[in-house]
Amino acid sequence: MFVATFASAQKKNFSGIITDQKTGETLVGATVVIKVGYTKGTTTNGNGFFSISGIDQQVINVEYSFVGYETISKTYDLNDKSKLFVEVRLKPSEVLLGQVTVVESGYDRIGDAEVEISQHTLSPKSMQIIPTARNDIFKAVRYMPGIESTEPFSPLVSVRGGDPGENLIMLDGVTIYNPYHFMSSSGIFNMQTVKNVDIMVGGFGAEYGGRNSSVINISTKDGNNQGIHGEVNPSTSESKLFLEFPVGKKSTMMVAGRLNYDIMGNFILYSNNYFYDINLSFTHRFNSRNWLTLKYFGSKDKTDLDFNNLYKYMGNTIGMGMEDVFNDLSIKYVNKWNNNIVTGTWKSVLTSNLFMRAQVYGSLHAANNYSELVMDVESVVFNTSTRFKSKVNDWSAKLDLDYKPFYWNELKFGVEYNNYLFENGSVVNRIDNGLARKSPTLISVFAEDKITLGSFLIRPGIRATKFGNRGFNYEPRINAVLNVGNGLKLQAAWGKYYQYIISMNTQEIELNQFLDYYYPLNGKEPSLSYHYILGAEKKLDAQNTLSVDVYLKDIARTYTFDLMQDQYEIFALSDKVISGKGRSYGIELMWKGSFDKFSGWASYTLAKSTRSFPHIMNGKDYDYDYDRRHSLKIVMNYQASKRISYSGSFIAQSGNPRSVENAMQMFYIYDPLTGQMQYSPQYTNNLKNSVRMPWLLHLDLGLRKEVVSGFGKDISDFFGAEESYLTVNVYNVLFFRRNILYYVPIGGFDKMIPMSDGYYPIVSAGYTIKF
Amino acid sequence: MTILLISLLFVGCNDIAEYYVGLKTQPDISKEDIQPGLNVYGILKSGPSFDTLNHYFEIQQIKFIWDSFDSICVDQAEVELTRHPFAGNVEQYTLSCQQNCAYINEDIVTAPGDCWQYVCDYDTFTVTASCIIPNQPVVSNVVVSNESNSIELSVLSDSTAFMYDVYILSGNDYYIEKKIPTNGVDTEFSISPQWSVADKPIAIFVFAYDQNLEKYYTTSNTFFKPNAYRPYFTTVDGGFGTFGAVSSTCLQLGK
């Protein structure tokens, strides 16, 4: 070890930061190659930092490249110590007619691109070609293999058959709770502020933990240090503003805001629905090696929707008018939730091969959601309601170190401390179950070592976690990659994952579960799963890639809430937590790339997910709520000309399994004071998820056109804008093909009423100015 | 397929709007999947009320969802109750069906603290259950405030009571509130009815429910949304439904 260290001391380390010449933003995943007789290369990490060790040449030629940017080469004399650490600025390349730039098929993954398996990266440009998700991360991610929507209208996603509460969502390294907006079921992140989105759907390394299914890491911009730039985007339902600008010579700032207003709801339903979000970012660069970033994020949602006479929209679906069946069918939502995040991050290049990132943050979330269903059929009335309250305060500090002692070796270490406050309350059918309050802490320590042995890479790692007063739990992980040659790469991953904070599954009680209601597992063993993944990736050519992943998730311990248990123990939500197990497995095929003027991706997944709990069918295995057997997704962009592009997104999926009612049991409502009896027929089923819903088909189309003349151009010229464009989207093109989401049972009739959420197509138009 | 989809886009007929591309519009459910059985309701009451009977018993069947509900009542069952009083001899009662599936026996006597057993036989089904009549609730600290138009009261802690209903009655006006008590803690009610409480005679009834009925009422009426897992609800053995007891007390305020 001493000899190796002494020998390596004679060799030099070369490191630096790569940024965008136009904006000053760090570039993540850019490639750095030193040609020294043999080739040594690396990519920039999540902070735009790179380091190459063990260089024995005095003069080196270095090539810097990144998709969408011009490749440059520079020569350095390493005898000059100032050249051991460099700051490199890459210039964005011009868009040429016919050149497809929308999907960066050769886009290197960030995080640890070389060894990560089951990872997807979505750039803002990629997301913009999805009409439904043109500016929304959580709609865009559903077009990735392995990521599926859950309930109608809900923004929650299930990853590889996992629970929505098993997804770790981070904004600039801050864990964010329920980052969703109600209206349009979208995410709370203004796309104009987003730099990159990393999604790891399984087999992630020891650096990340606390969740069993996935990690979605969103990094936002720090601000443009070259001048004032921005975007203004009014549309029929939403207005957005984005500004980034330098502050003095060493600082930058980014300000963004968005306000969504429900005009249709306000006029038709007399509701007052809105949401807004605000992003503020301030970055100060002390020098090229040290910089400090302060960020604030805030969002608020308020919804008050009362759908009276909903049955009138259901048409003639059982051969008779719904007015002949219903006296009333009404649904009501009153939802309020908010997020507030403050964070400060210090990044420092301590030495040429040691990078440090220190962060403190507060992530605060509160929600209060009420829903009500009234159904009146032939004088029999259901009137049920729920209210769920949730509060999370997460105050945390963490420190990460990246160390490259040798060229073939990269070490990562980190420690994190979380101080939590959780409050959970529920009112079910007007019975208040009180409020539960818990304040646990979590300590996490991780270490991982990436070792390169020629064309073989391996990254073992370990994560140790201590929750509350419990002892440490250990989570070993390992990733391996073999570059076979001819663009073919074989990958494998295995890992053990613990989760201490779960989500209350309210999807069978709430009319729609829009949010996760976080609940800490004080006094209980944590959730536990094991990931086994094999994959292969083949570069067909410079633009096209084909990949396949085969995965197995052994869910050794998972939890569900039996919220309809006896309500007597009003402060004992913990008594309603039931332990079970499950399994998810599947195969995912994906093509992404471009040909001619087309660019996009397509994927097919065949998967199965099951669970078993002792209180459900006596512990028998059943298809999990979010099981999707087949899933075909296609996203395509056609660059018709330099100014006009057309886009489309298509999904064809198996339906979810559901517990369709098959029996009627009368519920007796007896008044002990008067001796009067009333009846409420309850539609029941003893078999969980026994019926598979029909296939879902969904097609959206979009058009984007740069404005070069007329009133739109006059407006953009007035603001001195670089460009302005129009977007027109048509959602739910296949509206005649109703996607059945529920079967509504009606007593006394020999049919059920199929309910859908897409009765009509929706056309939206927007205008954007960029300057 | 493309031509079919495009043609569907441009046809505006209402019948065509219900056309599903070759897929079923009804779920695959079968009568063989249901679990047949008796759905019973039984309640014993002790204490004051407006009812002339101190019990109510009814028996129905579980039905397939698409069957007619005309034959849901069971009027040929054999229903036996056994009373194990807190003090005294064991007594047995046979109930007979009078009308609308209701079974009665006018000789039944109830008292707090008594333990009761229920047996119902019909066809191949035998349902059994037991309950204990809760203690009579004790009400204290009753305050009627004309200024705030409110009534406050406390119900003393009692380990035999798992849920309370409070009825406030005044003339033709009434108010009902339900609460789940916390074990070992007095249950506080603060009631602000829509009608005025000033200078009026008021009757307050408090009903204490046993654990069977608390579980039945708080976990069974659960049709929150379609197609959610909702197994048959029961607190009895050999069937479905509930058998439980309530005990009541009454306060008269004002003239």
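Sequence order for the protein chains is A and B.
Count along the first sequence starting at 1, add 1, and that's the number in my numbering.
Count along the second sequence starting at 1, add 17, and that's the number in my numbering.
Backbone N, C-alpha and C define an ideal beta-carbon position, used for all residues, glycine too.
- If you look at Ile-716/A, you'll find it in the alpha helix (DSSP H) that goes 712-719.
- For Ile-197/B, there is no enclosing beta strand (DSSP E), as DSSP marks it with neither H nor E.
- Close partners of Phe-257/B in chain A (Cβ separation under 7 Å): Gln-666.
- At a cut-off of 8 Å between beta carbons, Pro-243/B contacts chain A.
- The beta carbons of Arg-286/A and Ser-214/A sit no closer together than 8 Å.
- Runs of the beta strand (DSSP E) lying entirely within the segment 105-182 of chain B and spanning at least 3 residues, in chain order: 108-116, 119-121, 132-139, 142-149, 156-162 and 167-172.
- Between Trp-212/B and Asp-182/B, the gap from beta carbon to beta carbon reaches 8 Å or more.
- Beta-bridge partners assigned by DSSP to Phe-668/A: Ser-681/A.
- Chain A places no beta carbon closer than 8 Å to that of Asn-106/B, leaving this residue out of the contacts.
- Looking at the DSSP output, Arg-286/A bridges to Trp-292/A.
- Residues Ile-177, Val-216, Ile-217, Asn-218 and Ile-219 of the same chain have their beta carbon placed closer than 8 Å to that of Met-171/A, with the five preceding and five following residues left out of the count.
- Assigned with DSSP and collapsed to three states, Tyr-761/A falls in coil, not helix or strand.
- Contacts between Pro-129/B and chain A, judged by CB atoms closer than 8 Å, are missing: the closest CB pair is about 14 Å apart.
- For Glu-75/B, the C-beta contacts it makes with chain A under 8 Å involve Tyr-669 and Met-678, in order along the chain.
- Contact of Ile-617/A with chain B is assigned, a C-beta pair being separated by under 8 Å.
- Close to Glu-509/A, with beta-carbon spacing below 7 Å, are these residues of chain B in chain order: Ala-245 and Tyr-246.
- Separation of Glu-164/B and Leu-512/A (C-alpha to C-alpha, rounded to the nearest whole angstrom) is 40 Å.
- Looking at the backbone, the Cα of Ile-770/A and that of Asp-718/A are separated by about 10 Å.
- Counting only residues of its own chain and dropping the five nearest sequence neighbours on each side, Leu-735/A has a CB closer than 6 Å to the CB of Leu-698 and Leu-700.
- Proximity of the segment 508-528 of chain A to the segment 134-154 of chain A meets the contact definition, three or more beta-carbon pairs being nearer than 8 Å.
- The residue among Val-144/B, Glu-205/B, Tyr-233/B and Leu-186/B with its C-alpha nearest the C-alpha of Val-214/B is Leu-186/B.
- A residue is called buried when at least 16 other Cβ atoms come within 10 angstroms of its Cβ; Asn-158/B does not meet this threshold and is exposed.
- Here Pro-198/B has Thr-204 as same chain residues with Cβ atoms under 6 Å from its own Cβ, once five neighbours each way along the sequence are excluded.
- Contact between the segment 124-144 of chain A and the segment 192-200 of chain A is present: 3 or more CB-CB pairs across the two stretches fall below 8 Å.
- Shown in chain order are the members of the segment 51-63 of chain B whose Cβ falls below 7 Å from a Cβ of chain A: Ile-51, Gln-52, Asn-56, Tyr-58, Ile-60 and Lys-62.
- At a cut-off of 8 Å between beta carbons, Gln-683/A contacts chain B.
- For the segment 639-664 of chain A, the set of residues with a beta-carbon nearer than 8 Å to any beta-carbon of chain B comprises Arg-659, Ser-660, Val-661, Glu-662, Asn-663 and Ala-664, in chain order.
- Annotation: the segment 605-671 of chain A contains the following complete segments of the beta strand (DSSP E) (minimum length 3 residues), in chain order: 631-640, 645-654 and 664-671.
- Around Tyr-531/A, no beta-carbon contact reaches into chain B at under 8 Å, the shortest distance being about 27 Å.
- Cβ neighbours of Ser-757/A within its own chain (closer than 7 Å, five residues either side excluded): Arg-739, Asn-740, Ile-741 and Leu-742.
- Beta-bridge analysis with DSSP links Arg-247/B to no other residue.
- In this chain, Tyr-178/A is not harboured by any beta strand (DSSP E), its DSSP state being neither H nor E.
- In this structure, the straight-line span from the alpha carbon of Glu-64/A to that of Asp-57/A is close to 18 Å.
- Only exposed fits Val-551/A, as fewer than 16 other CB atoms lie within 10 angstroms of its CB.
- With contacts defined as CB atoms closer than 8 Å, Phe-298/A and Asn-340/A qualify as a contacting pair.
- Under the DSSP assignment, Asn-229/B falls in the alpha helix (DSSP H) whose first and last residues are 228-236.
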